[in-house]
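Engineer: First residue of the sequence shown? That's 962 in this note's numbering, and the numbers climb one at a time after it.
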Amino acid sequence: MHFRPLLWTVALFVPAMPVLAAGNKPAASPVPAARVEFLRDVAPILDRSGCSSAACHGKFGGRGGFQVSLLTLSPEDDYEPLIYGGRGRRINFAEPEKSLLLMKATMEVPHVGGPRFAVGSPQYNTLIRWIKAGAPFDAKDPRLVSLAVKPDKLILQKVGESRALKVIATYTDGSVRDVTKQTAFQSTNSAVLNVAQDGVVSGLRWGGGAVLGRYLGTIAASFITLPQARKGAYPNVASDNVVDKYVFDNLKRLNVLPSAPSSDTEFLRRVTLDTLGRLPSPEEIEAFGGDTGKDKRAHTIEALLNRPEYTDYRTLRLADLLRVKQNRLGNGVQGERAATLFNEWILNSVAENKPWDQFVREIITARGSTYQVGPANFYRIER
């Protein structure tokens, strides 16, 4: 065989080596894309896109034959209906772009919920990569441990100022991720704060509120203040109790001057309405006005809280809140007995000044007959 044909043969079957300049090294191989995980990458798309809201597939019974956990509170339970539900029509492994999950979200086929994201968007590309990889779900994948919005406290100096928030997630394997782009944001006071879905918050007027960030069913908040524009130094305001301290500290952050103290008659009217549910009598007004003691307001509050009428009034307010009504708890004597038991339990709880956490715990863990266990009736009222 001649030498030239031999070289031609080698050129056909042996890959050519790159020609390198002196001192150069071969180019590094491209870094493979990170594996798409269902819990950390796919499930948040369902949440942020609104698919898991109560108005969509997160409501009880789902929508259009497809149900996921409300607000992605249980992402592990969302894998099976997504892959196997609807006779497996939502995921197309042969042609991932033809997956119903993608075609509905991009309105390539009719979708009552409207478009959720566009073809070629980060959400779309993530789902395509996941489907092409076989739509895996490893039960050992890291779970979310904690979520934090940074900064957790923020002061905007003027109307129109904008700041970017970041959301940081920590997982069971110790890893930490910036999940801002996967988080659903909401302002608790839209008249004061506007937040875009990229995490940028803007001040609309003076006031305060919080921006909530939701990721994988967990919520974290950043508390934001935009002080009122006001000239002059803020005065020192003395607080007499722990509640006043929090109120005055918040007013100072907002640069809002506290109102002047109420007059004696205003105070007595308000405190009597709040504690006994009635106006003070002429005799009570006269006695309070004639009291020259320095701590007469504190003494009056303590005296009102120790009166039996306070227990009765507070019981009435709580019974209204819990909707304790005879006609909601049964017919005739049975409904009357159930309502009486529940009301007596509330009355005794108020009389002994039961802590709120214990009060709620005893309601939601109540067991037994509703004709013998008062708080068990909560489950007959709120089915």
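Each residue gets a CB set at the ideal place from its N, CA and C atoms; glycine is no exception. Small disclaimer: the values here were computed from a predicted structure and weren't measured.
Under a three-way DSSP split, which group does residue 917 fall into?
Structural biologist: Lying before the first or after the last residue shown, residue 917 is absent from the chain, which here runs from 962 to 1344.
Engineer: On the premise that residue 1138 lies in contact with residue 1130, defined as a C-beta separation below 8 Å, what is that separation, rounded to the nearest angstrom?
Structural biologist: Right, their Cβ atoms sit about 5 Å apart.
Engineer: Looking at chain D, is there any beta carbon in it that lies within less than 7 Å of the beta carbon of residue 1095?
Structural biologist: Among the protein chains of the structure shown there is no chain D, as only one such chain exists.
Engineer: Residue 1134: buried (16+ other C-beta within 10 angstroms of its C-beta) or exposed?
Structural biologist: With fewer than 16 other Cβ atoms within 10 Å, it is exposed.
Engineer: Using only alpha-carbon positions, find the residue among 1088, 1074, 1013, 1310 that is nearest to residue 1032.
Structural biologist: Residue 1032 has its Cα closest to that of 1013, out of 1088, 1074, 1013, 1310.
Engineer: Restricting to Cα atoms, I'd like to know which of 1245, 1053, 1158, 998 is closest to residue 1087.
Structural biologist: Ranking 1245, 1053, 1158, 998 by Cα distance to residue 1087 puts 998 first.
Engineer: Based on Cα-Cα distance, which residue from 1150, 1072, 1083, 1323 lies nearest to residue 1002?
Structural biologist: Taking only the C-alpha atoms, the option nearest residue 1002 is 1083.
Engineer: Express the C-alpha separation of residue 1234 and residue 1241 in angstroms, rounding to a whole number.
Structural biologist: Between residue 1241 and residue 1234, the C-alpha separation is close to 8 Å.
Engineer: Would you mind working out which of 1282, 1289, 1066, 1237 sits nearest residue 1264, comparing C-alpha positions?
Structural biologist: That would be 1237, whose Cα lies nearest to the Cα of residue 1264.
Engineer: Answer yes or no: do residue 1280 and residue 1309 have a C-beta to C-beta separation smaller than 7 Å?
Structural biologist: Going by C-beta atoms, residue 1280 is not nearer than 7 Å to residue 1309.
Engineer: What residues match up with residue 1360 in a beta bridge as DSSP calls it?
Structural biologist: Any question about residue 1360 goes unanswered here, given that the chain covers just 962 to 1344.
Engineer: Leaving out five residues on either side along the sequence, give the residues of the same chain with a beta carbon under 6 Å from the beta carbon of residue 1341.
Structural biologist: Closer than 6 Å at the Cβ level, and outside the excluded window around residue 1341, lie 1290, 1331.
Engineer: Any contact of the stretch 1155 to 1163 with the stretch 1110 to 1124, i.e. 3+ C-beta pairs under 8 Å?
Structural biologist: Touching, yes, given that three or more Cβ pairs across the two stretches are closer than 8 Å.
Engineer: May I have the straight-line CA-CA distance separating residue 1224 from residue 1154, to the nearest angstrom?
Structural biologist: For residue 1224 and residue 1154, the distance between alpha carbons rounds to 36 Å.
Engineer: Can you give me the C-alpha to C-alpha distance between residue 1034 and residue 1109, rounded to a whole angstrom?
Structural biologist: Residue 1034 and residue 1109: Cα-Cα distance of roughly 17 Å.
Engineer: If we ignore side chains and look at the alpha-carbon of each, how far apart do residue 1064 and residue 1058 end up?
Structural biologist: One C-alpha to the other measures close to 8 Å.
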